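Engineer: Residue numbers (our numbering): 1053 to 1281.
C-beta atoms are modelled at their ideal positions from N, C-alpha and C, and glycine is treated no differently.
Owing to the predicted nature of the structure, the values given are computational and were not obtained by experimental measurement.
Have a look at this one:
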């Protein structure tokens, strides 16, 4: 099942706007600092939401929720196929897509490549917010952080990876699934933003990278070869 022309157009427009947003935030870095400063207390020199129960729950629970859903989908599909249940289930290609996109997007591209080599310091590590590091715009490689750095957001990447699930649900539920996936990704990314762990541009960059990879990988892995004759 391939994406419709309308869906492809919306995807391209959405990703293009997201990419422009990252470029704009990098060109006007004061916006990143202003948003981060909204959650910083200059008296205590800390980000108060970092001690809140809801933020800790979101940060610690989101990865387990995502992994649990993926394992549940895999288990259900295996049982449905083995028992020949008359319900919708995912075939091997779509299951391979889910695992492959998770490993390549949040795993390889975001966490191993960018976060360990881009060098952007997290907001809470900046001099402006009680740390010692210097601020750098999103698209400028830096030496202010050595590993597991700010750009892009790993948690947001995992949150927005849920759009992969939206790609494999039955067509009649796809619009609702996309809406839920985008909201979930935004909430997970937001939970990191308010505790000083990431900038707004980090979250937006994760959305563009992961969703773009999800769509490209889905189309390549589920395309039906054309036959002749």
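Relative to the alpha-carbon of residue 1112, which residue among 1068, 1240, 1082 has its alpha-carbon at the smallest distance?
Structural biologist: 1240
Engineer: Counting Cβ pairs, one atom from each stretch, are 3 or more of them under 8 Å apart for the stretch 1177 to 1185 and the stretch 1222 to 1236?
Structural biologist: no
Engineer: Secondary structure at residue 1280, three-state DSSP: helix, strand or coil?
Structural biologist: Here the model assigns residue 1280 a pLDDT of 45, short of 50, so the residue's position is not dependable, and the following value carries that caveat. Three-state result, residue 1280: coil.
Engineer: Count Cβ pairs between the stretch 1163 to 1182 and the stretch 1241 to 1256 that sit closer than 8 Å; are there 3 or more?
Structural biologist: The stretch 1163 to 1182 vs the stretch 1241 to 1256: in contact.
Engineer: Evaluate contact between the stretch 1260 to 1274 and the stretch 1202 to 1214, counting only Cβ atoms and requiring at least three cross-stretch pairs below 8 Å.
Structural biologist: yes
Engineer: Roughly how many angstroms lie between the CA atoms of residue 1217 and residue 1274, to the nearest whole one?
Structural biologist: 14 Å
Engineer: Identify which residue in 1192, 1223, 1105 has its Cα closest to the Cα of residue 1059.
Structural biologist: 1223
Engineer: Using beta carbons (cut-off 8 Å, strictly below), is residue 1171 in contact with chain C?
Structural biologist: The structure shown contains no chain C, having only a single protein chain.
Engineer: Leaving out five residues before and five after residue 1081 in sequence, what residues of the same chain have Cβ atoms less than 6 Å from its Cβ?
Structural biologist: 1189
Engineer: Taking the alpha helix (DSSP H) that residue 1274 belongs to, which residues open and close that run?
Structural biologist: 1252 to 1274 is the span of the alpha helix (DSSP H), which, as asked, contains residue 1274.
Engineer: Starting from residue 1146, trace the alpha helix (DSSP H) in both directions and tell me its first and last residue.
Structural biologist: 1144 to 1154
Engineer: Residue 1110: buried (16+ other C-beta within 10 angstroms of its C-beta) or exposed?
Structural biologist: buried
Engineer: Please classify residue 1200 as buried or exposed, where buried requires at least 16 other C-beta atoms within 10 Å of its C-beta.
Structural biologist: exposed
Engineer: Let me know the secondary structure DSSP gives residue 1084 once reduced to three states.
Structural biologist: Helix.
Engineer: Among residues of its own chain, excluding the 5 on either side of residue 1268, which ones have a beta-carbon nearer than 7 Å to its beta-carbon?
Structural biologist: none
Engineer: Pick helix, strand or coil for residue 1249, following the three-state DSSP scheme.
Structural biologist: coil
Engineer: Cα separation between residue 1077 and residue 1071?
Structural biologist: Distance between the alpha carbons of residue 1077 and residue 1071: 10 Å.
Engineer: Whole angstroms are fine: how far does the CA of residue 1162 sit from the CA of residue 1170?
Structural biologist: 10 Å
Engineer: Please report the straight-line C-alpha distance between residue 1191 and residue 1084, rounded to a whole angstrom.
Structural biologist: 12 Å
Engineer: State the DSSP-derived secondary structure class of residue 1098, mapped to helix, strand or coil.
Structural biologist: strand
Engineer: Quick check: the Cα distance between residue 1283 and residue 1126, rounded to an integer number of angstroms?
Structural biologist: The first residue shown for the chain is 1053 and the last is 1281, placing residue 1283 beyond what the model contains.
Engineer: Does residue 1067 come out as helix, strand or coil in the three-state DSSP assignment?
Structural biologist: helix
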